[in-house]
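Numbering (my numbering), first residue to last: 5 to 264.
Structure below.
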């Protein structure tokens, strides 16, 4: 159908492929050598809680703000009508995603910090509740939301690009009889590559200058804002580092982590 709305589930599939690539990469093998297989699951508990909160929040927002008068895009619609419906559906999806991201982000921050402790062999964040208490004590409530803005921007850009691209391609370039499953995968991967720098910057800000060695010099500068981080990565040509599904590339100084 024309203007088919592409939800963030396709983005999750792309990220899952990236995770599979990481599992068989050199960093993963190095982690196993140092920490054993258990080391591959650092930060898993807060990550699962974050995903659960995100799913529950999206469902709750959808029930609280239903689009009862929503008319799905149909092949019978003219271009203007179908575009209006796509914009309306995407706006509703964007609202749900933004709210769920805000609610789940604190657990994402904890998950990221649990993972990067590997670099400095630290145990500062050893549990979800202790991590919550430590972040609140050291950074206040804002400490739970570092890196939130670029991640929300990445989600919003991904959602709008995918949905509008799907709408215009289906309207002007694709025959209705052609299956679009392969097209969605290609578009999803292409747009996820476009928005990858936002996710990278968000993750780096989540661990930057938080007391862990991975977020301090010489491993990383102390960034004053996510824009500062973006500009630094751009100047270093590192905005897309780690974006490959199968290969991980990084400058030599950033790739070498001494283990005490």
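For each residue, glycine too, the CB sits at the ideal point set by N, CA and C.
CA-to-CA distance, residue j to residue i, given in whole angstroms
i, j, result
"residue 52", "residue 221", "30 Å"
"residue 34", "residue 40", "9 Å"
"residue 131", "residue 47", "9 Å"
"residue 9", "residue 86", "Low confidence applies here, because residue 9 scores a pLDDT of 43, under 50, leaving its location unreliable; read the following figure in that light. Going by the C-alpha atoms only, they are around 11 Å apart."
"residue 206", "residue 152", "6 Å"
"residue 88", "residue 211", "40 Å"
"residue 148", "residue 232", "19 Å"
"residue 242", "residue 135", "29 Å"
"residue 225", "residue 71", "45 Å"
"residue 229", "residue 56", "29 Å"
"residue 44", "residue 116", "13 Å"
"residue 114", "residue 91", "34 Å"
"residue 219", "residue 234", "15 Å"
"residue 120", "residue 64", "32 Å"
"residue 326", "residue 84", "With the chain represented from 5 up to 264, any question about residue 326 goes unanswered, as that position is not in the structure."
"residue 239", "residue 104", "32 Å"
"residue 139", "residue 176", "51 Å"
"residue 111", "residue 50", "5 Å"
"residue 66", "residue 150", "26 Å"
"residue 146", "residue 54", "17 Å"
"residue 96", "residue 154", "20 Å"
"residue 20", "residue 61", "Summary for residue 20: the model assigns pLDDT 39, below 50, so the residue's position carries little reliability; its value from the coordinates is reported in the next sentence. Their Cα atoms are separated by approximately 21 Å."
"residue 25", "residue 36", "Note that residue 25 scores a pLDDT of 43, beneath 50, so its modelled location is shaky and nothing firm can be said."
"residue 144", "residue 68", "30 Å"
"residue 223", "residue 209", "13 Å"
"residue 42", "residue 100", "34 Å"
"residue 137", "residue 227", "24 Å"
Nearest candidate by alpha-carbon position, reference residue i, set the options
i, options, result
"residue 142", "176, 209 and 214", "214"
"residue 59", "231, 37, 158 and 106", "106"
"residue 102", "162, 171 and 31", "162"
"residue 94", "134, 165 and 43", "165"
"residue 167", "65, 98 and 50", "98"
"residue 109", "156, 45, 219 and 70", "156"
"residue 201", "111, 62, 63 and 237", "237"
"residue 31", "118, 122, 61 and 62", "122"
"residue 216", "118, 42, 37 and 100", "118"
"residue 159", "137, 42 and 192", "192"
Proximity test, residue i beta-carbon vs the ligand ZN heavy atom, cut-off 7 Å
i, result
"residue 154", "With respect to the ligand ZN, the structure shown offers nothing to examine, as it has no ligands at all."
Can you check the region 116 to 178 for any alpha helix (DSSP H) of at least 4 residues that lies completely inside it and give the ranges in chain order? 132 to 143 and 152 to 176
Three or more C-beta pairs below 8 Å linking the region 192 to 206 and the region 231 to 248: yes
Could you say if the region 167 to 174 and the region 111 to 128 meet the contact criterion of at least three C-beta pairs nearer than 8 Å? no
Please list the segments of the alpha helix (DSSP H) lying wholly inside the region 37 to 97, counting only runs of 4 or more residues, in order along the chain. 48 to 68
Just to confirm the assignment: which complete alpha helix (DSSP H) runs, minimum length 4, are found wholly within the region 189 to 241? 230 to 240
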